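Counted the way the working numbering counts, the sequence shown spans residues 57 to 435.
Here a beta-carbon is modelled for each residue, glycine too, at the ideal position from N, C-alpha and C.
Here the structure is a predicted model, which means the values were calculated and not measured.
For reference, the structure is listed below as structure tokens.
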Amino acid sequence: MYKRITGISQELVAKLVDRTIQLSQGRNAGCFAFVNQNGIIDEATEIVSGGLSGLPLRLLLNRITPMKDKSLIEGLNLLPENTVFVVTRPGKTGLATDVSGVDFFNCPIVSIGVKNEGAAGISIVYPKPEYFDLSTKSEEMNIATLATSTMDEEKDVLRTNHELSLKYLEVSEELPQIKIDLKNVNGEKKGEIWILRKLSVKSIDKNLAAAMVNESIKIGQGREVAAIGIIDENGHVTGKGKIIAGGIGYVPSRLLASSYTDISGKSLRVIYSNDIPDNAIIIHTHPGGTGVMHIGDANAGPGTWGRPIIAIGHDKDGNIRGATVIEKANRIFELTDEDESLNNKFFDAETTQEESEIRNRKFAIAQEFTDLCKPIELN
Numbered sequence: 057m058y059k060r061i062t063g064i065s066q067e068l069v070a071k072l073v074d075r076t077i078q079l080s081q082g083r084n085a086g087c088f089a090f091v092n093q094n095g096i097i098d099e100a101t102e103i104v105s106g107g108l109s110g111l112p113l114r115l116l117l118n119r120i121t122p123m124k125d126k127s128l129i130e131g132l133n134l135l136p137e138n139t140v141f142v143v144t145r146p147g148k149t150g151l152a153t154d155v156s157g158v159d160f161f162n163c164p165i166v167s168i169g170v171k172n173e174g175a176a177g178i179s180i181v182y183p184k185p186e187y188f189d190l191s192t193k194s195e196e197m198n199i200a201t202l203a204t205s206t207m208d209e210e211k212d213v214l215r216t217n218h219e220l221s222l223k224y225l226e227v228s229e230e231l232p233q234i235k236i237d238l239k240n241v242n243g244e245k246k247g248e249i250w251i252l253r254k255l256s257v258k259s260i261d262k263n264l265a266a267a268m269v270n271e272s273i274k275i276g277q278g279r280e281v282a283a284i285g286i287i288d289e290n291g292h293v294t295g296k297g298k299i300i301a302g303g304i305g306y307v308p309s310r311l312l313a314s315s316y317t318d319i320s321g322k323s324l325r326v327i328y329s330n331d332i333p334d335n336a337i338i339i340h341t342h343p344g345g346t347g348v349m350h351i352g353d354a355n356a357g358p359g360t361w362g363r364p365i366i367a368i369g370h371d372k373d374g375n376i377r378g379a380t381v382i383e384k385a386n387r388i389f390e391l392t393d394e395d396e397s398l399n400n401k402f403f404d405a406e407t408t409q410e411e412s413e414i415r416n417r418k419f420a421i422a423q424e425f426t427d428l429c430k431p432i433e434l435n
């Protein structure tokens, strides 16, 4: 259980609210903050503005430690133990109704609602084992609708999902503001260094690939399946975990990890740091494709979890069309950093020409991620 937090600096709240109001257009603001010995949040990094895709996580982590050549999970593991993630919610009251933040960051999340030119309310969610299990259940229920075969079955799943969503109304509690001087973080403030190796992938076990494609065909409706594999010293990938059925175009991170290890009561950060080995790889199918991946795959693999990702493309009859890998590479992080920057620059564009240039560059970045795909052999 994380140490109980008794309050947050009034000055920090004011700065975050002012930034959010200044940004307008539904954009939020956030920072990493730190709890003192008395349980009060009185120290914070420089505030970061949200863009097209919300807060830029790499830029946020860069306030703690240089993120050059690091995946998100490597950055997260450099967060000090007394870290809190503070974020504004424009147009909201501050009520937190999900646990995805504490699941990913494995630290308390403070939400500041911003309405009518001021703070509407402040809530805090602590990382707790029962919340991580709640997140697992949500992933399972989101997938369960795809497995139903009748309207009555789907009604039952949706009813259960609705009941589950009501539990999220109780995950947060109010956090008071405290009049206390706010300290700014100077220089690096980090925990223990944790780095993943860059692994080269050359081939994948053809029987594993066939088994995954067969499972993908079996569950039907264009759904992907995934598994955790292991890379040996020759760059050959073999299966290690169970094959997990996902959704259309995605496989949830917690369910994927559950194919390899027991995830009960653990956050995503802990699971992918401590329980998934350094030489692990994410393998998934691309129904109807040839295995060519895109920016989403890169972010889901090396960008977030620091591990390579393989895609196996196949047709509706189960014929494998190809397999590719995106490995952990410096270029991925350079492109992601630029993409984050463009998400914010979008709002600074004052002419149609400037916005066109930003959109064209984002498209070019997406193309370059696809170019990072490397064909691999099945043997």
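{"Check": "Would you grab the beta carbon distance between Ser105 and Leu238 for me? Rounded to a whole angstrom, and I think it's under 8 Å.", "Outcome": "So it is not a contact: roughly 18 Å between Cβ atoms."}
{"Check": "Helix, strand or coil for Gly131, going by three-state DSSP, please let me know.", "Outcome": "helix"}
{"Check": "Going by beta-carbon coordinates alone, are Ile286 and Glu130 separated by less than 8 Å?", "Outcome": "no"}
{"Check": "How do the segment 62-81 and the segment 142-155 stand: do at least 3 beta-carbon pairs fall below 8 Å, yes or no?", "Outcome": "yes"}
{"Check": "Between the Cα of His292 and those of Pro232, Leu312, Val257 and Met349, spot the shortest distance and give me the residue it belongs to.", "Outcome": "Val257"}
{"Check": "To which residues of the same chain is Val69 closer than 8 Å at the C-beta, ignoring the five residues directly before and after it?", "Outcome": "Ile168, Ala175, Ile178 and Gln233"}
{"Check": "How is Arg377 classed by DSSP in three states: helix, strand or coil?", "Outcome": "strand"}
{"Check": "Exposed or buried, what is Ser156 when buried is set at 16 or more other beta-carbons lying within 10 Å of its beta-carbon?", "Outcome": "exposed"}
{"Check": "Buried or exposed: where does Ala420 fall if 16 or more other Cβ atoms within 10 Å of its Cβ makes it buried?", "Outcome": "exposed"}
{"Check": "Just confirm the distance between the C-beta atoms of Lys384 and Gly362, as a whole number of angstroms; I'd bet it's less than 8 Å.", "Outcome": "6 Å"}
{"Check": "CB-CB under 6 Å to Ala89, same chain, minus the five flanking residues each way: which ones, in chain order?", "Outcome": "Ile97, Ala100, Val140 and Val142"}
{"Check": "With a threshold of 8 Å, are at least 3 pairs of Cβ atoms found where one atom belongs to the segment 305-315 and the other to the segment 328-341?", "Outcome": "yes"}
{"Check": "Can you tell me where the alpha helix (DSSP H) holding Phe90 begins and where it ends?", "Outcome": "Counting along the chain, Phe90 falls outside any alpha helix (DSSP H), though it belongs to the beta strand (DSSP E) covering Ala85 to Val91."}
{"Check": "Given a cut-off of 8 Å on the beta-carbon distance, is the pair Val166 and Pro183 in contact?", "Outcome": "no"}
{"Check": "Helix, strand or coil for Ser191? Go by DSSP, reduced to three states.", "Outcome": "helix"}
{"Check": "I'd like to know whether the C-beta atoms of Lys298 and Ala283 end up nearer to each other than 8 Å.", "Outcome": "yes"}
{"Check": "If you compare alpha carbons, which of Lys171, Asn172 and Ile376 is closest to Ala266?", "Outcome": "Ile376"}
{"Check": "Buried or exposed, going by whether 16 or more other CB atoms sit within 10 Å of the CB of Met207?", "Outcome": "exposed"}
{"Check": "Under a three-way DSSP split, which group does Gly63 fall into?", "Outcome": "strand"}
{"Check": "Rounded to the nearest angstrom, what separates Cys163 and His218 at their Cα positions?", "Outcome": "27 Å"}
{"Check": "For Ala354, I'd like the list of residues in its chain whose CB is within less than 6 Å of its CB, leaving aside the five on either flank, ordered along the chain.", "Outcome": "Ile382, Ile388 and Phe425"}
{"Check": "Whole beta strand (DSSP E) runs in the segment 168-233 with 3 or more residues, listed along the chain?", "Outcome": "174-181"}
{"Check": "Expressed to the nearest angstrom, what Euclidean distance is found between the alpha-carbon atoms of Asn400 and Leu128?", "Outcome": "19 Å"}
{"Check": "Where do the N-terminal and C-terminal ends of the alpha helix (DSSP H) with Thr392 fall, by residue?", "Outcome": "Asn386 to Lys401"}
{"Check": "According to DSSP, simplified to helix, strand and coil, what is Met57?", "Outcome": "Low local confidence applies: a pLDDT of 43 at Met57 is under 50, so the model's placement there is unreliable, with the coordinate-based value given in what follows. Coil."}
{"Check": "Going by other Cβ atoms of all chains shown within 10 Å of its Cβ, with 16 needed for buried, is Arg415 buried or exposed?", "Outcome": "exposed"}
{"Check": "Starting from the Cα of Asp393, find the closest Cα among Tyr316, Asp125 and Ile199 and give me that residue.", "Outcome": "Asp125"}
{"Check": "Give me the Cα-Cα distance between Asn118 and Asp261, rounded to the nearest whole angstrom.", "Outcome": "38 Å"}
{"Check": "Could you work out which residue in Val181, Leu220, Pro185 and Ser205 is closest to Met197 when comparing CA atoms only?", "Outcome": "Leu220"}
{"Check": "Whose C-alpha, out of Val73, Pro185 and Cys429, is nearest the C-alpha of Pro358?", "Outcome": "Cys429"}
{"Check": "What does the alpha-carbon distance come out to for the pair Met57 and Glu209?", "Outcome": "Caution is warranted here: a pLDDT of 43 is assigned to Met57, below 50, making its placement in the model unreliable, and no coordinate value can be reported."}
{"Check": "Tell me which residue opens and which closes the beta strand (DSSP E) that Glu99 is part of.", "Outcome": "Ile96 to Ala100"}
{"Check": "For Asp138, count neighbouring C-beta atoms within 10 Å of its own C-beta (all shown protein chains included) and say buried if the count is 16 or more, exposed if not.", "Outcome": "It is worth fixing the name first, because residue 138 is Asn in this sequence and not Asp. With 16 or more other Cβ atoms within 10 Å, it is buried."}
{"Check": "Could you spell out the range, first to last residue, of the alpha helix (DSSP H) harbouring Gly352?", "Outcome": "Ile351 to Ala354"}
{"Check": "Return the residue from the list Ala152, Leu111, Gly369 and Val91 that minimises the CA-CA distance to Leu72.", "Outcome": "Leu111"}
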